[in-house]
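A.B. asks: Here you go, one structure.
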């Protein structure tokens with residue numbers, strides 16, 4: 036085994052020396068993903084998923100984005116994000132910023148793995164198959180724009196209460212998956228419960244009301260919860276859930292339904308639907324997560340954002356029609 040340093044890239048290779056001729060697959064992994072599981076699992080997964088792949092480890096937040104750009108520029112046909120949804124988001128952002136279009140793969144080694152669920156990687160992952168169990172497809176990307184900045188995301192985004200749940204989940208180090216986000220949900224409900232008047236444009240529809248939370252999803256799950264069960268990653272539409280000024284007891288009462296993906300459709304303060312463009316203008320600074328990363332936090336003072344669909348912008352490897360999750 037040899038370790039080659041290329042710029043800020045660390046390449047773990049099974050070849051005796053660094054070679055100009057590279058394999059077709061590069062795996063970018065976060066050693067800390069899944070509360071440290073990824074470091075142990077990535078080598079085992081490579082033996083059955085992509086034996087000749089190069090492994091590139093990230094060192095800090097944002098590093099996976101940089102590595103993905105460099106992997107695309109280096110000519111890899113497939114660039115795999117091995118980790119959780121944060122790693123997926125960074126690798127996706129890096130490939131979208133690269134000049135060369137590479138295929139994105141996902142190895143679900145994180146705490147929630149919501150995007151892997153949206154891609155239907157469950158059966159392939161569970162049976163430990165090879166690339167024959169995958170199919171390539173073009174998928175949509177969401178972009179959040181505001182204050183001259185833009186942030187791409189692949190699966191889910193949340194405004195207001197949802198953003199604060201994602202922010203609080205980072206402080207919880209001893210749980211993973213749905214239990215992690217359920218606890219963060221309850222803690223955010225106790226510590227953050229604001230409903231500023233917000234103008235939300237949903238294509239031609241405009242809602243002006245107190246706003247507790249807004250989900251803007253491409254995929255099915257947000258924080259492990261199947262909030263938008265009818266969503267598809269390739270239909271050119273966002274699936275949204277708009278929640279006005281619910282009371283705390285209503286949030287507690289609806290938590291089991293939220294965890295089961297059974298959003299109320301007849302509640303006067305909950306609206307669901309689809310849109311291709313969503314505008315948000317709030318009376319208070321926004322907290323917005325995108326795949327668990329943050330487009331803005333209240334300290335940034337951002338009060339207006341736009342969500343837009345970039346249809347068919349990325350090529351990914353997904354399961355063959357399976358949506359059972361990883």
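In our numbering, the protein residues as written are 36 to 361.
C-beta: ideal position from N, C-alpha, C; glycine also.
Note that this is a predicted model, so its numbers are computed, not measured.
Heavy atom of the ligand PLP less than 7 Å from the Cβ of residue 232, yes or no?
C.D. replies: You won't find the ligand PLP in this model; it holds no ligand whatsoever.
A.B. asks: On the three-state DSSP scale, how would you describe residue 98?
C.D. replies: Translated into positions along the chain shown, residue 98 becomes position 63. Helix, per DSSP.
A.B. asks: Could you check how far apart the C-beta atoms of residue 152 and residue 292 are, in whole angstroms? I think they sit under 8 Å.
C.D. replies: The count along the chain shown starts at 1 and reaches residue 152 at position 117. The count along the chain shown starts at 1 and reaches residue 292 at position 257. At roughly 19 Å, the Cβ-Cβ gap does not stay under 8 Å, so residue 152 and residue 292 are not in contact.
A.B. asks: What does the alpha-carbon distance come out to for the pair residue 73 and residue 239?
C.D. replies: In the chain shown, counting from the first residue as 1, residue 73 sits at position 38. In the chain shown, counting from the first residue as 1, residue 239 sits at position 204. Going from the Cα of residue 73 to the Cα of residue 239 covers about 44 Å.
A.B. asks: Pull the bridge partners of residue 322 from the DSSP assignment, please.
C.D. replies: Residue numbering aside, residue 322 sits at position 287 when the chain shown is read from its first letter. BP columns for residue 322 are empty, so no partner.
A.B. asks: Which residues in the same chain have their Cβ closer than 7 Å to the Cβ of residue 346, if we skip the five residues on either side of it in sequence?
C.D. replies: What you label residue 346 is simply residue 311 of the chain shown in a count that begins at 1. Once the five neighbours on either side are set aside, the close Cβ partners of residue 346 are 175, 271.
A.B. asks: Counting only the same chain and skipping the five closest in sequence on each side, list residues whose C-beta sits under 6 Å from that of residue 140.
C.D. replies: What you label residue 140 is simply residue 105 of the chain shown in a count that begins at 1. 113, 115, 352, listed in sequence order.
A.B. asks: Do residue 251 and residue 192 count as a contact pair if the criterion is CB distance below 8 Å?
C.D. replies: If you number the chain shown from 1, residue 192 lands on position 157. If you number the chain shown from 1, residue 251 lands on position 216. Going by C-beta atoms, residue 192 is nearer than 8 Å to residue 251.
A.B. asks: Can you find the residues in the same chain that come closer than 7 Å, C-beta to C-beta, to residue 265, ignoring five residues on each side of it along the sequence?
C.D. replies: Working through the chain shown from its first residue, we reach residue 265 at position 230. Hits under 7 Å: 274.
A.B. asks: Would you list the one or two residues that DSSP bridges to residue 176?
C.D. replies: Residue mapping note: residue 176 aligns to position 141 of the chain shown, counting from 1. Per DSSP, 345.
A.B. asks: Under 8 Å by Cβ, that's how I've got residue 159 and residue 145 pegged, so tell me the actual separation to the nearest angstrom.
C.D. replies: Taking the chain shown and counting its residues from 1, the one referred to as residue 159 is at position 124. Taking the chain shown and counting its residues from 1, the one referred to as residue 145 is at position 110. Not really, about 17 Å apart at Cβ, beyond 8 Å.
A.B. asks: Taking the alpha carbon of residue 319 as the point to measure from, which residue in 188, 194, 263 has its own alpha carbon closest?
C.D. replies: Reading the chain shown from its first residue, position 284 is the one you call residue 319. Cα-wise, what sits closest to residue 319 is 194.
A.B. asks: In chain order, what residues of the same chain have a beta carbon less than 6 Å from the beta carbon of residue 21, not counting five sequence neighbours either side?
C.D. replies: Examination of residue 21 is not possible in this model, given that the chain is present from 36 through 361 alone.
A.B. asks: Taking C-alpha atoms, which residue in 198, 58, 235 lies nearest to residue 107?
C.D. replies: Counting from one through the chain shown, the residue named residue 107 turns up at place 72. The shortest C-alpha separation from residue 107 is found at 58.
A.B. asks: Give the single residue among 235, 268, 339 whose Cα lies nearest to the Cα of residue 278.
C.D. replies: Position 243 of the chain shown, counted from the start, is the residue given in the question as residue 278. Looking at the Cα atoms, 235 is the closest of the given residues.
A.B. asks: How should residue 344 be labelled, buried or exposed, when 16 other C-beta atoms within 10 angstroms of its C-beta is the threshold for buried?
C.D. replies: Numbered from its first residue, the chain shown carries residue 344 at position 309. So residue 344 counts as buried.
A.B. asks: Flag this pair as yes or no: are the beta carbons of residue 196 and residue 283 separated by less than 8 Å?
C.D. replies: Taking the chain shown and counting its residues from 1, one reaches residue 196 at position 161. Taking the chain shown and counting its residues from 1, one reaches residue 283 at position 248. No, they are not a contact pair.
A.B. asks: Since residue 89 and residue 62 should fall inside the 8 Å C-beta cutoff, what is the C-beta to C-beta distance between them, to a whole number of angstroms?
C.D. replies: Taking the first residue of the chain shown as 1, we reach residue 89 at position 54. Taking the first residue of the chain shown as 1, we reach residue 62 at position 27. Correct: roughly 7 Å between the Cβ atoms.
A.B. asks: Residue 131 and residue 349: beta carbons closer than 8 Å?
C.D. replies: Taking the chain shown and counting its residues from 1, the one referred to as residue 131 is at position 96. Taking the chain shown and counting its residues from 1, the one referred to as residue 349 is at position 314. Cβ atoms of residue 131 and residue 349: closer than 8 Å.
A.B. asks: Taking the straight line between their C-alpha atoms, what separation do you get for residue 341 and residue 142?
C.D. replies: Stepping through the chain shown from its first residue, residue 341 is reached at position 306. Stepping through the chain shown from its first residue, residue 142 is reached at position 107. Roughly 30 Å between the two C-alpha positions.
A.B. asks: Mapping the DSSP letters down to three states, classify residue 220 as helix, strand or coil.
C.D. replies: Counted from its first residue, the chain shown places residue 220 at position 185. Note: residue 220 maps to helix in three-state DSSP.
A.B. asks: Does the beta-carbon distance from residue 93 to residue 99 come in below 8 Å?
C.D. replies: In the chain shown, the residue the question calls residue 93 occupies position 58. In the chain shown, the residue the question calls residue 99 occupies position 64. The answer is yes: Cβ separation under 8 Å.
A.B. asks: Of the residues 287, 281, 249, which one's Cα is nearest the Cα of residue 310?
C.D. replies: Walking along the chain shown from the start, residue 310 turns up at place 275. It is 249.
A.B. asks: Which value, in whole angstroms, describes the spacing of the CA atoms of residue 149 and residue 243?
C.D. replies: The count along the chain shown starts at 1 and reaches residue 149 at position 114. The count along the chain shown starts at 1 and reaches residue 243 at position 208. Taking the straight line from one Cα to the other gives about 30 Å.
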